[in-house]
Structure formats: C-alpha cells, structure tokens
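*Asks:* Going by the numbering used here, the sequence shown opens with residue 1, and the numbers climb by one from there. Starting off with a structure, shown below.
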Amino acid sequence: MTYDYDILFLGGGLNYAGAVTAAKAGLRTALVEKNMAHLGGTCLHNGCIPSKMYLGAAETVRASRHGHFSGELKLEMAALDDKKEAMLSAATKAITKQCAAADLIDGEGVLEAPHTVRVAGKTVTAEHIVIGTGARPFIPEGIVCDGAQVVTSDEVLNLRELPEKVAVYGAGAIGLEMASFFAAAGVRTELIWRRDTLLRHAHPAVSKNLEAQLVKLGVTLRPSGAIATAKATKRGVHIVFEDGREHYVPMLLVATGRRAETSAVRTPQIVVGRHGIETDAHFETVLPGHYAVGDCNGKVQLAHAARAEVLYVVRRILGKKPETIDLDRIVRFIHTLPCSWAEVGKTRAALEADGTAYRESVVTLKGLPFAHSHDGDLGVMVLYADAEDFIVGGEIFAPGAEELIGTVSMALAGEMDTALAKRTILAHPTFSESLEKAFLRL
1 MTYDYDILFL GGGLNYAGAV TAAKAGLRTA LVEKNMAHLG GTCLHNGCIP
51 SKMYLGAAET VRASRHGHFS GELKLEMAAL DDKKEAMLSA ATKAITKQCA
101 AADLIDGEGV LEAPHTVRVA GKTVTAEHIV IGTGARPFIP EGIVCDGAQV
151 VTSDEVLNLR ELPEKVAVYG AGAIGLEMAS FFAAAGVRTE LIWRRDTLLR
201 HAHPAVSKNL EAQLVKLGVT LRPSGAIATA KATKRGVHIV FEDGREHYVP
251 MLLVATGRRA ETSAVRTPQI VVGRHGIETD AHFETVLPGH YAVGDCNGKV
301 QLAHAARAEV LYVVRRILGK KPETIDLDRI VRFIHTLPCS WAEVGKTRAA
351 LEADGTAYRE SVVTLKGLPF AHSHDGDLGV MVLYADAEDF IVGGEIFAPG
401 AEELIGTVSM ALAGEMDTAL AKRTILAHPT FSESLEKAFL RL
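Quick look at the structure:
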C-alpha cells in the first residue's frame, strides 16, 4: 500500500520532538495539531514551564521575608503574565522552526481507521502513526468549573491578578505546587485533600517534613476533606463536603489529577483502557504500526517521559534498536517551596509492596549551616540499596531536589553498587554533600 507519509504524529505536544527527529532522518513526516499556537503542548503552555516560572517568582517573594531584608515585595501578576506570554510565544516560534522539515497540518485529527487520520475535512494516511494527544484536567462529579471562581490548571496559569484567598483541592503535583505558589506569594491558601497524609507513597520523613513546610509557609491544611459539590455563587465558591460540612472561598483550584485524552481514537482496533491507550513495553498498540506516547498512554504523566517515549519509538522505526525504557528510572518531582521533592527508581513503599529485601540510609539536613542558610532545615536525603548492594532508588527533599536527584539517576543508569557509590566526593558547602553522606551510610 502507498501512504501519504512514512510517519504521522497525532498531537503536537512533546510529539514534536519525534517529528523533528524523523524528518531529519529522511522520513516523510507529518504532524497534526488542533491548535498550532499551542505547539509544544500542555507542559509548555499550561503546565510545567509557566508553573516553574511562577514558582521562581514566588520564591523570591518568600525569601525576601527573611529578617535581614527590609521592605516588602509584591508579585505583580499582570507583569509576570506578560513576561510568560512573551516567553511562550518565542518558544512556540522556535519549535515551529525546528519542525520545518515536517508537514504541519492544522486541525483536530481523528484516527478513524488503521493508518488513516481525518483532519480538516480530508484523509491523510501514514505507514506509522504516533498518538500523543496528552491529557485533560479531571473534574470530580459534583464540581462545576466556571473558569473564573472554580478553575483548573488550564486557567490558573493565566491569572492577571492574585486572589485574596484560594482553596486548592488535590494534593498531587499540581495541587502541592500551586498551594506553595499562592502561599509564598502572600495569598491566604487552603489545601484540601481526600486522604489524611501527603505524599503517602513517599518516605515517612519526607511526608512529615512536607506537611511542616506547608504549615510554615502559611497554608491551612484540610486533610480528609472529600468534596461532594462545589459551584460558584455570589458569595463565593460554595463547597459542600461529603460529611455535610459547608465552606465558602473566593476561588477554588481543582487539582485532582489529569486523565488521558483518547477521544481522537475512533477505531476499535486500538484498545483504550481505564488509564489510557494500551501499549506494550515499546509503546506500540495492539494495532501494528500504531503507537501511543506520553500522557495518553497513562503510564507516566511527565513531559520528559513523553519526550523519551516518542524518541524511543522513532529510533525503533529507524531500525536503531534502542534499549527499552525502564519507567522506574524516570525522575519524578514536585516543585514545592522552599524544599522540593524528587524520586527515582524504587522507593520504600514500592520495595515493601514487591517484598524486596532492601537497606536504606536517611540523612536529615537540620542543623547543617549551609542547609540552614539556604532554607533547607526540613531537608531529607534517602537512598535505597538491594540485598546485592546495588543502588535501586532514592528520594530527596531539599531546595533544588529535581537537580540533585540527577546523581542518583545516573547511579541507576550505570548500575552502580554501594562500594562504587561511596567513592563519590561532592562539593562543600552544598546540598549534594549530604547526598554523599547518604551514599556512605548505605
């Protein structure tokens, strides 16, 4: 059969990285995106890039409250939003330029049959199709989002002014990060979540210290607070909890997770399960030549995971036989303030669930002069080794944890044992030297 393209990418998020690679390798390449102004996807436009920009600004405000500073900083949201939009516009133009060797097809595409996508009133065929349609905010039943008083992550990163008070519902990455942002920026902030602990799969010391950090930041914690209904009223957002309690707040951010966006799949020959489009370890669906990468396959909802997956798929198509991606070795992190949390590999919860024998070393940062002077008193470093003395995972709670965890990630990639890890000599005075101590204690 003759196809219009060798490879077609459905969705223009991190899928674009695959399109760039495929086109440069000489494949006839198309990328279908329903909104070319959104090329680069949720991470760039409504997710991790603007949120980290906002958190960086809020951290400056938070740090300015130390007693050795005078005066008061105020975050001007309109100016920050303008700066964000200029940055995103420049980034989108740069991505579009990178995709110059691929055909960009503007329109909402649907996979209506094997090798066949309908977009903008026409049919396009390709030998290989890579679905990367991302995810959308999950809104629990009973909550009515109006985009003004009751908002999701899609709207909250476009605010032109800070609310007087906000409640955040959900204690995942978005909820914890945005609660940190608002509180650090000086907004009265509540964090509402269904369970009784935060980061319940993290090391207990991390969960405990994260909770203490949020309280110190000024966040009012409302655990075990399952919301039955919530809707905007003239008085504010009217919240009714499942136990019958009522509560009003000016703004409610619904941060209860994201669900795989699979509506573009219209052929029964591709299986869509509870968590997303089902694939094998190579991200290929049950329909040969059709792949699903990133959030839409429900495996790991992280931008760097999506990028790794799509590049892996393209390399396999090009016959390069890349090593299968170990999803456990993908770094996960949540950028809270001032300490953030990051993990890679196996953690205590996972090891105990698997019944795996392990050892752990725990180093707390409290009392260390450098940590104290850099707001890391609540910091914790945790490393795990298996019965054969190989490093199998780690967790870090510290300022810049998402960068510090790279050392552990490399140890996993290099299959490093504890004896080799103990040769590591890291710089002083830094947070990383506490990671060195953690290696020595294994």
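The beta-carbon is built from N, C-alpha and C at its ideal position, and this holds for glycine as well.
#1: Look up residue 236 in the DSSP assignment and say whether it is helix, strand or coil.
#2: Determine which residues share a DSSP beta bridge with residue 361 and list them.
#3: By DSSP, does residue 290 sit in helix, in strand, or in coil?
#4: Spatial neighbours of residue 418 within its chain, please: C-beta separation below 8 Å, excluding the five flanking residues on both sides.
#5: Measure from the alpha carbon of residue 2 to the alpha carbon of each residue in 78, 125, 22, then state which is nearest.
#6: Nearest CA to the CA of residue 27: which residue from 318, 421, 347?
#7: Using a Cβ distance threshold of 8 Å, determine whether the stretch 316-332 contacts the stretch 372-385, with at least three qualifying pairs required.
#8: Grab me the residues of residue 227's own chain with a C-beta within less than 8 Å of its C-beta, minus the 5 sequence neighbours each way, in chain order.
#9: Provide the residue(s) that pair with residue 408 in DSSP beta bridges, ordered along the chain.
#10: Am I right that residue 166 and residue 53 are in contact with their C-beta atoms under 8 Å? What's the rounded C-beta distance?
#11: On the DSSP bridge assignment, give the partners of residue 345 in chain order.
#12: With distances taken between CB atoms, is the gap from residue 258 to residue 301 smaller than 8 Å?
#13: Below 8 Å, how does it come out for the stretch 108-117 and the stretch 261-273: are there three or more Cβ pairs, yes or no?
#14: Shortest alpha-carbon distance to residue 181 belongs to which of 196, 199, 198, 162?
#15: Please return the same chain residues whose Cβ sits closer than 7 Å to the Cβ of residue 64, not counting the five positions on each side in sequence.
#16: Taking the alpha carbon of residue 314 as the reference point, which residue from 276, 256, 117, 19 has its own alpha carbon closest?
#17: Where does residue 354 sit, in a helix, a strand or coil, going by DSSP?
#18: Counting only beta-carbon atoms, is residue 368 nearer than 8 Å to chain D?
#19: What residue does the beta strand (DSSP E) around residue 163 start on, and which one ends it?
#20: According to the Cβ coordinates, are residue 179 and residue 58 closer than 8 Å?
#21: Is residue 420 helix, strand or coil by DSSP?
#22: Which word fits residue 156, buried or exposed, when buried means at least 16 other C-beta atoms lie within 10 angstroms of its C-beta?
#23: Rounded to the nearest angstrom, what separates residue 151 and residue 415 at their Cα positions?
#24: May I ask you to report which of helix, strand or coil DSSP gives residue 62?
#25: If we call anything under 8 Å between Cβ atoms a contact, is residue 260 one with residue 275?
#26: Quick check on DSSP: helix, strand or coil for residue 279?
#27: Within 8 Å, do at least three Cβ pairs link the stretch 399-411 to the stretch 343-352?
#28: Tell me whether residue 106 sits in a helix, a strand or coil according to DSSP, three-state version.
#29: What are the boundary residues of the beta strand (DSSP E) that includes residue 9?
#30: Report the rounded CA-to-CA distance for residue 366 versus residue 353, giving the unit in angstroms.
#31: Return the residue from the list 218, 221, 99, 246 that minimises the CA-CA distance to residue 229.
*Replies:* On the basis of the data shown:
#1: DSSP places residue 236 in strand when its eight states are reduced to three.
#2: DSSP, once it has assigned bridges, lists 383 as partnering residue 361.
#3: The answer is strand: DSSP assigns residue 290 an E or B state.
#4: Taking residue 418 as the centre and dropping the five residues before and after it, the same chain places the C-beta of 385, 389, 390, 391, 439, 442 closer than 8 Å to its C-beta, in chain order.
#5: Answer by Cα proximity: 125.
#6: Checked all of 318, 421, 347; the closest Cα to residue 27 is 318.
#7: No, the stretch 316-332 does not touch the stretch 372-385.
#8: Cβ neighbours of residue 227 beyond the five flanking positions: 140, 142, 143, 169, 192, 239, 240, 241, 242.
#9: Answer by DSSP bridge pairing: none, since residue 408 is not bridged.
#10: Under the criterion of beta carbons closer than 8 Å, residue 166 and residue 53 do not qualify as touching, at roughly 18 Å.
#11: In DSSP, residue 345 forms a bridge with 393.
#12: Contact flag set, yes.
#13: Yes, since at least three Cβ pairs between the stretch 108-117 and the stretch 261-273 fall closer than 8 Å, the two stretches touch.
#14: That would be 162, whose Cα lies nearest to the Cα of residue 181.
#15: Result list for residue 64: 73, in chain order.
#16: Comparing Cα positions, the closest option is 19.
#17: Helix at residue 354.
#18: This model lacks chain D altogether, as it is built from one protein chain only.
#19: Premise fails: residue 163 is in no beta strand (DSSP E) and is neither H nor E.
#20: Between residue 179 and residue 58, the CB-CB gap reaches or exceeds 8 Å.
#21: Here residue 420 carries a helix assignment [DSSP, helix/strand/coil].
#22: Classification of residue 156: buried, given that the 10 Å Cβ count is 16 or more.
#23: Roughly 44 Å between the two C-alpha positions.
#24: Residue 62 falls in the helix class under three-state DSSP.
#25: Against a cut-off of 8 Å, the Cβ pair of residue 275 and residue 260 comes out as a contact.
#26: Reduced to three states, the DSSP call for residue 279 is coil.
#27: Two segments are said to touch when three or more pairs of C-beta atoms, one from each, lie closer than 8 Å; by this definition the stretch 343-352 touches the stretch 399-411.
#28: Reduced to three states, the DSSP call for residue 106 is strand.
#29: Per DSSP, residue 9 belongs to the beta strand (DSSP E) from 5-10.
#30: Between residue 366 and residue 353, the alpha-carbon positions lie close to 30 Å from each other.
#31: The candidate whose alpha carbon is nearest that of residue 229 is 246.
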